[in-house]
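Taking it in order: structure first as structure tokens, then the write-up.
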Amino acid sequence: PEGIEIDLSEENISDELKKAERRYHEISNNLSATKERIKNLESRLKEIEKEIKSYEEEKIEEKYEDLKRKRSEMRERLTVLERLVHVLREVSTEIGDSLSPSMERYMSEVISYVTGGRYKAVRLGERYEIEVFDSEAGRFIPKDIYSGGTIDQFLLAMRISFILSLLPQTRGRYPRFLLLDEPLSSSDSERRRNILRLMSKVLTRYFDQIFLITHVEVEGEGDWTEISVENGRVRGPSQQMSLV
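What follows is the structure in structure tokens.
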């Protein structure tokens, strides 16, 4: 066709023939390997057929009795597990009923602190669904209608309130440190400062050490030791600094 050039030089034809030969050998090798595999599979199939035919009736009966025994054991285990699940559900309900009031109280305090009083009270449903009293709306509202950052603050308050609610049950014996991973990333600067104040002025009553992991600038009140990681290298700890 007009406009198409075909290189019919001896060198080009030789290269194409070599490529074709290599491809032919590859296909031939694959075909041989496939045939060998089919042969092995057919041989194994015949062996299995012989084993099935030679399987004695008493062996089948023995296998049948063994399966019946295993079925009985599995039924017993299932009964035990069902009872265990029932007990665990009852215990979970009892723990939830005992923790919910204190969790609501702590959550209300924490979320009011973090949001500067915008949200003053929290209610928890049977499955720990969160409803927040919105001071502007004048009523309790499900958390899901709020922005992602505000929802993250509700969930942070829930985690903290759960920990604080468990402390009385430890009778004073518990790890006296708290680790918070990225609690600031979805908050604006004002609420970041409020979270830091909460950590330095409230949570330090319960914990001797508080570890904060964050990728955002930290501005707030309190005395902190900063450890930075840059390009996989640890820099610090620096001297204690006051965040204002």
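Take any residue in the sequence shown, count from 1 to its spot, add 51: that is its number in this note's numbering. Think of the CB as a built atom: it goes at the ideal place given N, C-alpha and C, for glycine as much as any other residue.
In this chain, the beta strand (DSSP E) harbouring L229 covers F228 to D232.
Judged by pairs of C-beta atoms under 8 Å, the region 199-211 touches the region 225-239, as three or more such pairs exist.
In the DSSP secondary-structure assignment, A172 is bridged to F184.
Listed in chain order, the non-local C-beta contacts of F191 below 6 Å within the same chain comprise R174, E182 and F184, local neighbours out to five positions each way being set aside. Boundaries around E241 are those of the alpha helix (DSSP H), S240 to R248, since no beta strand (DSSP E) includes it. DSSP places F258 in no beta strand (DSSP E); its state is neither H nor E.
Scanning its chain for C-beta atoms nearer than 7 Å, with the 5 sequence neighbours on each side dropped, one finds around F258 the residues R227, F228 and L229, in chain order. Proximity to P152 across T85, L217 and E127 peaks at L217, based on C-alpha coordinates. For the 7 Å CB-CB criterion, A208 and M158 form a contact. Inter-residue distance for E155 and Y197 is about 19 Å (C-alpha atoms, whole angstroms). In the three-state reduction of the DSSP assignment, V142 falls in the helix class. Between T166 and R242 a beta carbon distance of about 7 Å is seen, short of the 8 Å cut, so the two are scored as contacting.
Judged by DSSP in its simplified three-state form, E281 adopts strand.
Under the three-state reduction of DSSP, R190 is assigned to strand. DSSP lists S279 as the beta-bridge partner residues of R286.
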